[in-house]
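Asks:
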Amino acid sequence: MKHITLIMILIALALSLSAAANPKEKKMKILVLYSSQTGTTREIAEFMAQEIGKAGHQAEVALCSEAQNLKAYDAIIIGAPVYAGKWKAEAGTFVKNNADLLKVIPHAYFMVGTSFDGKASPAEMRAILAKERELCPPVSEGRFMGRLDYSRLNVFQRVICKMMKAPEGDFRDWKAISEWTRETVQLLGVRC
């Protein structure tokens, strides 16, 4: 009986030492920042935070303009819509103003637009984040179709969209967003 107890204690000790020597994936604290005009990108950022939580990590969501205490995070994901071929300025400003930190903390970028339907050339797509990529290269970049709801646009945007005959609708592919988020979390973890 004593031998069995001793063997069980040794097995438990070996298992605990093995777990300590080979810890499971590090649980990260990830900040998902966004800039949004109509709420579409905010909804995507919130969805990403849920996916990060499902993967066993902690996620917080905030506007780029309200981000605080960035050093408290293991990684950052930054997203914004694209209008007229440009990433919304608040996101670009955040990258520029926090470049020193982003050079040492793993980060990723994502952009949302109804023009990501395969009609834009790869060169046009790369040009959107060229300045940010050059300043602080991300571990990953995501491009997602968005939602176009004319009632959420200002008068100028509505006129432009109607002139371009842009179709209204929600074109977000939640499965693709989920897959990108999970893959990106793994890449962020490798860089931590």
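Residue numbers for the sequence shown follow the numbering used here, beginning at 15 and rising by one. Cβ coordinates follow ideal geometry from the N, Cα and C atoms, glycine included.
Any contact of the region 109-116 with the region 56-69, i.e. 3+ C-beta pairs under 8 Å?
Replies: At 8 Å Cβ cutoff, the stretches do not touch.
Asks: Exposed or buried, what is P37 when buried is set at 16 or more other beta-carbons lying within 10 Å of its beta-carbon?
Replies: The count along the sequence shown starts at 1 and reaches residue 37 at position 23. Here P37 scores only 48 on pLDDT, less than 50, and its place in the model should not be relied on; the value that follows carries that caveat. Result: exposed.
Asks: Does R166 pass the burial test, meaning 16 or more other C-beta atoms within 10 Å, or should it be called exposed?
Replies: The residue given as residue 166 occupies position 152 in the sequence shown. Per the 10 Å Cβ criterion, exposed.
Asks: Given this structure, state the Cα-to-Cα distance separating L201 from C78, to the nearest angstrom.
Replies: Against the sequence shown, residue 201 aligns to sequence position 187. Against the sequence shown, residue 78 aligns to sequence position 64. L201 and C78: Cα-Cα distance of roughly 22 Å.
Asks: Inspect the beta-carbon positions of E74 and A122 and report whether they are closer than 8 Å.
Replies: Within the sequence shown, the letter at position 60 stands for residue 74. Within the sequence shown, the letter at position 108 stands for residue 122. No, they are not a contact pair.
Asks: From the DSSP output, read off the bridge partner residues of V96.
Replies: As a working note, residue 96 is residue 82 in the sequence shown. In the DSSP output, where bridge partners are listed per residue, V96 has W101.
Asks: Using C-beta distances below 7 Å, list every residue in its chain close to Q171, excluding the 5 sequence neighbours before and after it, in chain order.
Replies: By 1-based counting over the sequence shown, the position of residue 171 is 157. If we look at Q171 and ignore the five residues flanking it on each side, it has no Cβ neighbours.
Asks: Can you give me the Cβ contacts of A113 inside the same chain, cut-off strictly under 7 Å, excluding the 5 residues immediately before and after it?
Replies: One-based indexing of the sequence shown puts residue 113 at position 99. Result list for A113: L149, C150, in chain order.
Asks: Is DSSP giving Q82 helix, strand or coil here?
Replies: What you label residue 82 is simply residue 68 of the sequence shown in a count that begins at 1. Correct three-state label for Q82: coil.
Asks: Below 8 Å on the Cβ atoms is my guess for L143 versus L115; work out the distance and round it to an integer in Å.
Replies: Residue numbering aside, residue 143 sits at position 129 when the sequence shown is read from its first letter. Residue numbering aside, residue 115 sits at position 101 when the sequence shown is read from its first letter. That belief does not hold up - the Cβ atoms of L143 and L115 are roughly 18 Å apart, past 8 Å.
Asks: Look at the Cβ atom of G203, then the Cβ atom of R186, and state whether they are nearer than 8 Å.
Replies: For this step, residue 203 is matched to residue 189 along the sequence shown. For this step, residue 186 is matched to residue 172 along the sequence shown. For G203 and R186, no; Cβs fall outside 8 Å.
Asks: Report the three-state DSSP secondary structure of R186 (helix, strand or coil).
Replies: Looking up residue 186 in the sequence shown gives position 172. Looking at R186 - three-state DSSP - the assignment turns out to be coil, as it is neither helix nor strand.
Asks: Look at the Cβ atom of V126, then the Cβ atom of T198, and state whether they are nearer than 8 Å.
Replies: Stepping through the sequence shown from its first residue, residue 126 is reached at position 112. Stepping through the sequence shown from its first residue, residue 198 is reached at position 184. In this structure, T198 does not lie closer than 8 Å to V126 by Cβ.
Asks: Bridge partners of M125, per DSSP?
Replies: Taking the sequence shown and counting its residues from 1, one reaches residue 125 at position 111. DSSP lists A94, R157 as partners of M125.
Asks: Identify, in the order they occur along the chain, each residue of the same chain with its Cβ nearer than 6 Å to the Cβ of V45, setting aside the five sequence neighbours on each side.
Replies: Numbered from 1 along the sequence shown, position 31 holds the residue referred to as residue 45. Sequence inspection shows Leu at residue 45; the Val mentioned does not correspond to that position. Around L45: E74, Y87, I90.
Asks: Measure the C-alpha to C-alpha separation of W188 and K68 and round it to an integer number of angstroms.
Replies: Residue 188 sits at position 174 when you count from the first residue of the sequence shown. Residue 68 sits at position 54 when you count from the first residue of the sequence shown. In a straight line, the C-alpha of W188 is about 15 Å away from that of K68.
Asks: Pull up the distance between the alpha-carbon of M177 and that of D163, whole angstroms please.
Replies: Working through the sequence shown from its first residue, we reach residue 177 at position 163. Working through the sequence shown from its first residue, we reach residue 163 at position 149. Rounded to the nearest angstrom, the two C-alpha atoms are 15 Å apart.
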